[in-house]
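Residue numbers for the sequence shown follow my numbering, so the first one is 31 and each next one is one higher.
Note that beta-carbon positions come from the ideal geometry of N, C-alpha and C, so glycine has one too.
Keep in mind the model is a prediction, meaning the values are calculated, not measured.
Here the structure comes first, spelled out in structure tokens, and everything after it is commentary.
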Amino acid sequence: MQQLPLISVVMPMHNAGKYLREAAESILNQTYARLEFIIIDDGSTDDGVSIISSLNDPRIILYSYKQKQGLAKALNKGFELAKGEYIARMDADDICLKNRIEQQVKYMMANPDVGILGTQIIAIGSKARKLPVTHKAITWHLLNACPFLHPSVVFKRSTILEHRLFYDPRFDGAEDLELWVRASQVTGLANLDKAYVKYRYHFGTHRAMIAVVGRLNTEIKIKHLNQIMPALPGEVKNSLALFMNRHIKHERTLLWLEKGLASFETALAQYPSYVHELTNEFNKCLWFHFSSDPGLYKKVKKGLKDHQWFRLSLKQRLWLMLKPLLKN
């Protein structure tokens, strides 16, 4: 009988002692046993190393940096040490369901064109959003938001090596999104339709570097627009990238909205064959902005009737009507 492929699980940690044992045990207790567990200690000053040592499992490979290097460098080191045919990501504060690795390996063995595979997630401390499943949907969703939850992802190691799909330290804070944009051009991307990871949200940490993440996200979106719609004028790409950036605190004025709509209309006119994909993502973008500022929708909803591509569900419209009343 053919031996199942080895999978390398790479988990960085930095002062993650609070949730570390539960996260690590969720990997060690997987139904898929043929794995190595590479843990990169990124300059921790807590008791994380002691917690990992106490697990006393021969599958654990611990590599420690004396000083913090950042997530991108820590992950690249894990990829460098990995010997498996597949490399799975994990974070030190999340929890894997027992059959996560088994299900992802099974899918990737059956779909050799897929080089990166994520899953849906169960949210801890927030509400989970539905992630796109197919390569096409994931590629277009990159315009709007991250299409993968980072610790749910499995890579095909040969794809990483062939296309140099390592993390770019210049994009620390948005290193995953930048990698997905590059990967979308050279390998198949997919998400399983079921949740196999319990993902813990930490909003305070993200907000602390929101300005940096916002700047990086704009740069990444421009890069992606250059890939999927290269003929768009530069100013249109810049405008769309800013408008569709959820990490910038927008001053949502009528002038700002009109500029965003004009950029979208230009893209639609230049790429009419992408009408379905563009309108789908732009409607999601508008919903994000209107839900962040319901008063804006009230001001512009009459004018939006002239745009045949604009869609809001009945549930969304009711929410926008009721939200200001509930606030008062």
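Residue state for CYS176 is assigned as coil, using DSSP reduced to three classes.
Annotation: the continuous alpha helix (DSSP H) that includes ARG212 extends over 205 to 213. Contact annotation: TYR62 and VAL135 have beta-carbon atoms nearer than 8 Å.
Following the DSSP letters along the chain, one finds GLU132 inside the alpha helix (DSSP H) bounded by residues 130 to 140. In the DSSP secondary-structure assignment, ASP71 is bridged to MET43, SER94. By the Cβ criterion, the stretch 181 to 196 is in contact with the stretch 116 to 123, since at least three pairs of Cβ atoms, one from each stretch, lie closer than 8 Å.
LYS228 sits away from ILE131, with the two beta carbons spaced by 8 Å or more. Look at ARG194 here: in three-state DSSP terms it is coil, with no helix or strand label.
For ILE146, the enclosing beta strand (DSSP E) has its first and last residue at 144 to 154. DSSP places PHE185 inside the beta strand (DSSP E), whose first and last residues are 184 to 186. In the DSSP annotation of this structure, the continuous segment of the beta strand (DSSP E) that includes LEU222 starts and ends at 218 to 230. Cβ-Cβ distances below 6 Å link TYR301 to MET259 in the same chain, with the five nearest sequence neighbours on each side left out; the list follows chain order. Burial state of HIS254 is buried, judged by a 10 Å Cβ sphere holding 16 or more other Cβ atoms. Cβ contact annotation for ASP72 (same chain, cutoff 7 Å, sequence separation greater than five): PRO42, MET43, HIS44, TYR95, LYS98, GLN99, ALA104, in chain order. Within the DSSP bridge table, the entry for TYR116 names ILE37, LYS186 as partners. Taking a C-beta distance under 8 Å as the contact criterion, PHE320 and LEU350 qualify as a contact pair. CA-CA distance, ILE37 to PHE67, rounds to 9 Å. For SER303, no alpha helix (DSSP H) run applies, since DSSP gives it neither H nor E.
Annotation: ILE278 is outside any alpha helix (DSSP H) and is labelled neither H nor E by DSSP.
Under DSSP, the beta-bridge partners assigned to LEU65 are ILE37. Annotation: the continuous alpha helix (DSSP H) that includes GLY333 extends over 324 to 334.
About 13 Å separates the beta carbon of ILE69 from that of GLY47, a gap too long to meet the 8 Å contact definition. Annotated as distal: LEU270 and ILE278, with beta-carbon spacing of 8 Å or more.
One Cα belongs to ASN174, the other to PHE312, and the distance between them is close to 8 Å.
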